[in-house]
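Here the sequence shown stands for residues 331 to 522, numbered as in the working numbering.
From the three backbone atoms N, C-alpha and C, an ideal C-beta is built for every residue, glycine too.
Keep in mind that this is a model prediction, so the values were computed, not measured.
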Amino acid sequence: MMNETTGSLVNPDEIAALAAKYGPPRRWSRPLDVTPATIAERRGKRQAEVVLAMPRPGNRVLLHTKHFYPPGAYRLMSGGVKTGERVDDAARREIFEETGLNVPLAQFLGVIEFEFRNGIDRVPFVSYVFLTGESSEPPHVTDLDEDIADFREVEWRELTDVADALERLPDDWRDWGRFRAIPHRLVAEFMI
(Lines of atoms letter the chains of each structure in order from A and count residues from 1; the text may use other names and numbers.)
(Lines give C-alpha, C1' and ligand atoms only; values in the text may rest on other atoms or scores of the structure.)
Protein backbone atom coordinates (compact mmCIF):
# COMPACT_ATOMS: atom_id res chain seq x y z
CA MET A 1 0.00 0.00 0.00
CA MET A 2 1.36 3.42 -0.99
CA ASN A 3 2.44 5.71 1.86
CA GLU A 4 0.63 8.97 1.03
CA THR A 5 3.20 11.07 2.91
CA THR A 6 6.35 9.68 1.28
CA GLY A 7 4.92 8.37 -2.00
CA SER A 8 6.66 5.06 -1.26
CA LEU A 9 5.35 1.53 -0.99
CA VAL A 10 7.86 0.92 1.81
CA ASN A 11 6.63 1.03 5.41
CA PRO A 12 9.43 2.68 7.45
CA ASP A 13 8.28 1.00 10.69
CA GLU A 14 8.45 -2.44 9.10
CA ILE A 15 11.90 -1.69 7.63
CA ALA A 16 13.11 -0.60 11.08
CA ALA A 17 11.76 -3.80 12.66
CA LEU A 18 13.36 -5.97 9.95
CA ALA A 19 16.67 -4.09 10.30
CA ALA A 20 16.61 -4.66 14.07
CA LYS A 21 16.17 -8.43 13.50
CA TYR A 22 18.30 -9.04 10.41
CA GLY A 23 20.62 -6.03 10.02
CA PRO A 24 20.28 -2.79 8.09
CA PRO A 25 19.53 -3.17 4.37
CA ARG A 26 20.98 -1.36 1.43
CA ARG A 27 18.43 0.97 -0.16
CA TRP A 28 18.33 1.17 -3.94
CA SER A 29 15.97 3.14 -6.16
CA ARG A 30 15.79 1.90 -9.74
CA PRO A 31 13.64 3.50 -12.44
CA LEU A 32 13.12 1.19 -15.42
CA ASP A 33 11.92 2.44 -18.79
CA VAL A 34 9.68 -0.33 -20.12
CA THR A 35 7.22 -1.05 -22.91
CA PRO A 36 3.51 -0.19 -22.70
CA ALA A 37 2.85 -3.94 -22.50
CA THR A 38 4.98 -4.22 -19.35
CA ILE A 39 3.16 -1.26 -17.76
CA ALA A 40 -0.19 -2.91 -18.54
CA GLU A 41 1.03 -6.24 -17.16
CA ARG A 42 2.36 -4.71 -13.91
CA ARG A 43 -0.62 -2.43 -13.20
CA GLY A 44 -3.07 -3.82 -10.65
CA LYS A 45 -0.82 -6.71 -9.63
CA ARG A 46 1.11 -7.27 -6.43
CA GLN A 47 3.25 -4.34 -5.37
CA ALA A 48 5.97 -6.11 -3.40
CA GLU A 49 8.02 -9.28 -3.34
CA VAL A 50 10.76 -10.99 -1.41
CA VAL A 51 13.94 -12.14 -3.17
CA LEU A 52 15.88 -14.95 -1.53
CA ALA A 53 19.62 -15.59 -1.74
CA MET A 54 19.90 -19.17 -0.48
CA PRO A 55 23.48 -20.34 0.26
CA ARG A 56 24.58 -23.85 -0.61
CA PRO A 57 27.74 -25.69 0.44
CA GLY A 58 30.93 -24.87 -1.44
CA ASN A 59 30.36 -21.11 -1.61
CA ARG A 60 27.38 -21.52 -3.93
CA VAL A 61 23.87 -20.08 -4.21
CA LEU A 62 20.60 -21.71 -5.32
CA LEU A 63 18.83 -20.58 -8.50
CA HIS A 64 15.68 -21.82 -10.21
CA THR A 65 13.88 -21.70 -13.54
CA LYS A 66 10.23 -22.13 -14.46
CA HIS A 67 8.62 -24.09 -17.28
CA PHE A 68 7.64 -20.94 -19.18
CA TYR A 69 10.96 -19.05 -18.89
CA PRO A 70 13.22 -18.74 -21.92
CA PRO A 71 15.70 -21.62 -22.19
CA GLY A 72 18.62 -21.20 -19.80
CA ALA A 73 17.01 -18.38 -17.77
CA TYR A 74 17.78 -19.10 -14.11
CA ARG A 75 17.44 -16.64 -11.24
CA LEU A 76 17.18 -16.23 -7.46
CA MET A 77 13.96 -17.33 -5.78
CA SER A 78 11.28 -14.70 -5.27
CA GLY A 79 7.64 -14.46 -4.36
CA GLY A 80 4.91 -11.97 -3.67
CA VAL A 81 4.10 -10.31 -0.39
CA LYS A 82 0.36 -10.72 0.17
CA THR A 83 -1.78 -7.79 1.29
CA GLY A 84 -1.42 -7.44 5.07
CA GLU A 85 1.40 -10.00 5.25
CA ARG A 86 4.61 -9.11 7.06
CA VAL A 87 7.64 -9.14 4.78
CA ASP A 88 9.59 -11.69 6.86
CA ASP A 89 6.53 -13.96 7.01
CA ALA A 90 6.31 -13.77 3.21
CA ALA A 91 10.00 -14.69 2.96
CA ARG A 92 9.60 -17.75 5.20
CA ARG A 93 6.46 -18.83 3.30
CA GLU A 94 8.21 -18.50 -0.06
CA ILE A 95 11.26 -20.44 1.14
CA PHE A 96 9.03 -23.36 2.02
CA GLU A 97 6.74 -23.15 -1.05
CA GLU A 98 9.58 -22.94 -3.54
CA THR A 99 12.22 -25.19 -1.94
CA GLY A 100 10.67 -27.15 0.93
CA LEU A 101 13.75 -26.23 2.97
CA ASN A 102 13.65 -25.26 6.63
CA VAL A 103 16.22 -22.46 6.72
CA PRO A 104 16.10 -19.24 8.74
CA LEU A 105 16.40 -15.72 7.45
CA ALA A 106 19.98 -14.67 8.17
CA GLN A 107 20.38 -11.11 6.89
CA PHE A 108 18.28 -8.32 5.39
CA LEU A 109 20.37 -7.40 2.35
CA GLY A 110 18.31 -4.75 0.65
CA VAL A 111 15.21 -2.86 -0.34
CA ILE A 112 14.92 -2.05 -4.04
CA GLU A 113 12.24 0.49 -4.96
CA PHE A 114 11.44 0.15 -8.65
CA GLU A 115 9.48 2.52 -10.82
CA PHE A 116 8.36 0.96 -14.08
CA ARG A 117 7.78 3.84 -16.49
CA ASN A 118 6.62 4.48 -20.00
CA GLY A 119 5.92 8.08 -20.96
CA ILE A 120 3.80 9.49 -18.14
CA ASP A 121 2.71 6.05 -16.91
CA ARG A 122 4.35 4.91 -13.67
CA VAL A 123 3.97 1.69 -11.69
CA PRO A 124 5.88 1.32 -8.38
CA PHE A 125 7.16 -1.99 -7.05
CA VAL A 126 9.38 -3.06 -4.13
CA SER A 127 11.74 -6.02 -3.74
CA TYR A 128 12.92 -6.98 -0.24
CA VAL A 129 16.12 -9.01 -0.53
CA PHE A 130 17.19 -11.55 2.12
CA LEU A 131 20.07 -13.93 2.69
CA THR A 132 18.93 -17.20 4.27
CA GLY A 133 20.80 -19.78 6.28
CA GLU A 134 22.75 -22.42 4.35
CA SER A 135 21.33 -25.84 3.57
CA SER A 136 22.81 -28.90 1.89
CA GLU A 137 19.41 -30.60 1.60
CA PRO A 138 18.04 -30.99 -1.93
CA PRO A 139 15.30 -28.45 -2.71
CA HIS A 140 11.84 -29.69 -3.60
CA VAL A 141 8.81 -27.63 -4.54
CA THR A 142 5.92 -27.87 -2.08
CA ASP A 143 3.54 -25.58 -4.01
CA LEU A 144 3.07 -26.94 -7.53
CA ASP A 145 1.49 -23.63 -8.59
CA GLU A 146 5.03 -22.21 -8.43
CA ASP A 147 5.68 -23.98 -11.77
CA ILE A 148 9.38 -24.48 -10.98
CA ALA A 149 11.04 -26.72 -13.57
CA ASP A 150 14.59 -27.01 -12.24
CA PHE A 151 17.12 -25.85 -9.66
CA ARG A 152 20.77 -25.06 -10.23
CA GLU A 153 23.65 -23.89 -8.06
CA VAL A 154 26.28 -21.34 -9.05
CA GLU A 155 29.19 -19.79 -7.20
CA TRP A 156 28.43 -16.41 -5.64
CA ARG A 157 30.85 -14.70 -8.02
CA GLU A 158 28.74 -15.97 -10.94
CA LEU A 159 25.72 -13.87 -9.89
CA THR A 160 26.94 -11.00 -12.05
CA ASP A 161 27.03 -13.40 -15.02
CA VAL A 162 23.47 -14.47 -14.18
CA ALA A 163 22.44 -10.79 -14.11
CA ASP A 164 24.17 -10.19 -17.44
CA ALA A 165 22.34 -13.16 -18.99
CA LEU A 166 18.99 -11.91 -17.69
CA GLU A 167 19.65 -8.47 -19.18
CA ARG A 168 20.36 -10.06 -22.57
CA LEU A 169 17.07 -11.97 -22.84
CA PRO A 170 15.18 -11.58 -26.15
CA ASP A 171 12.78 -8.69 -26.79
CA ASP A 172 9.63 -10.29 -25.32
CA TRP A 173 11.55 -10.95 -22.09
CA ARG A 174 13.86 -7.91 -22.07
CA ASP A 175 11.96 -5.77 -19.52
CA TRP A 176 11.49 -8.77 -17.23
CA GLY A 177 15.16 -9.72 -17.50
CA ARG A 178 16.39 -6.19 -16.73
CA PHE A 179 14.07 -6.06 -13.69
CA ARG A 180 15.14 -9.51 -12.47
CA ALA A 181 18.86 -8.77 -12.92
CA ILE A 182 18.93 -5.95 -10.37
CA PRO A 183 18.52 -8.02 -7.15
CA HIS A 184 21.31 -10.31 -8.38
CA ARG A 185 23.62 -7.30 -8.55
CA LEU A 186 22.66 -6.20 -5.04
CA VAL A 187 23.33 -9.69 -3.65
CA ALA A 188 26.62 -9.89 -5.56
CA GLU A 189 27.79 -6.64 -3.91
CA PHE A 190 27.34 -8.31 -0.52
CA MET A 191 28.66 -11.75 -1.28
CA ILE A 192 31.59 -11.23 -3.64
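Please report how far the alpha carbon of residue i lies from the alpha carbon of residue j, in whole angstroms.
i	j	result
Glu443	Val380	12 Å
Gly402	Val391	16 Å
Ala436	Ala383	10 Å
Arg508	Leu393	17 Å
Leu339	His514	21 Å
Asp363	Glu485	30 Å
Arg422	Pro434	8 Å
Tyr352	Arg487	23 Å
Met521	Val411	25 Å
Glu428	Leu406	11 Å
Roughly how far, in whole angstroms, is the beta-carbon of residue i from the beta-carbon of residue j, given that I think they are within contact range, below 8 Å?
i	j	result
Thr395	Asp502	No, Thr395 and Asp502 are not in contact; Cβ-Cβ is about 16 Å, not under 8 Å.
Leu496	Ala511	4 Å
Asp477	Phe398	7 Å
Leu439	Pro469	With a Cβ gap of about 20 Å, Leu439 and Pro469 do not count as contacting.
Leu461	Val417	14 Å between Cβ atoms; not a contact.
Val453	Arg372	4 Å
Can you tell me whether residue i is buried or exposed? The criterion is at least 16 other CB atoms within 10 Å of its CB, across all chains shown.
i	result
Leu474	exposed
Glu424	buried
Ile450	exposed
Asp419	exposed
Glu467	exposed
Contact the stretch 440-459 vs the stretch 348-360: 3+ CB pairs below 8 Å: The stretch 440-459, when compared against the stretch 348-360, does touch it at the 8 Å Cβ threshold.
Please give the ranges of any beta strand (DSSP E) in the stretch 395-472, keeping only runs that are unbroken, at least 3 residues long and fully inside the region. Here the runs fully enclosed are 407-410, 435-448, 451-462.
In the stretch 352-394, which residue ranges form an unbroken beta strand (DSSP E) of at least 3 residues, counting only runs that do not cross its ends? Along the stretch 352-394, the beta strand (DSSP E) occurs as fully enclosed runs of 3 or more residues at 356-363, 378-383, listed in sequence order.
What are the uninterrupted segments assigned as alpha helix (DSSP H) that are 4 or more residues long and contained completely in the stretch 492-519, given in chain order? Under the rule that a run must span 4 or more residues, no alpha helix (DSSP H) segment is found entirely inside the stretch 492-519.
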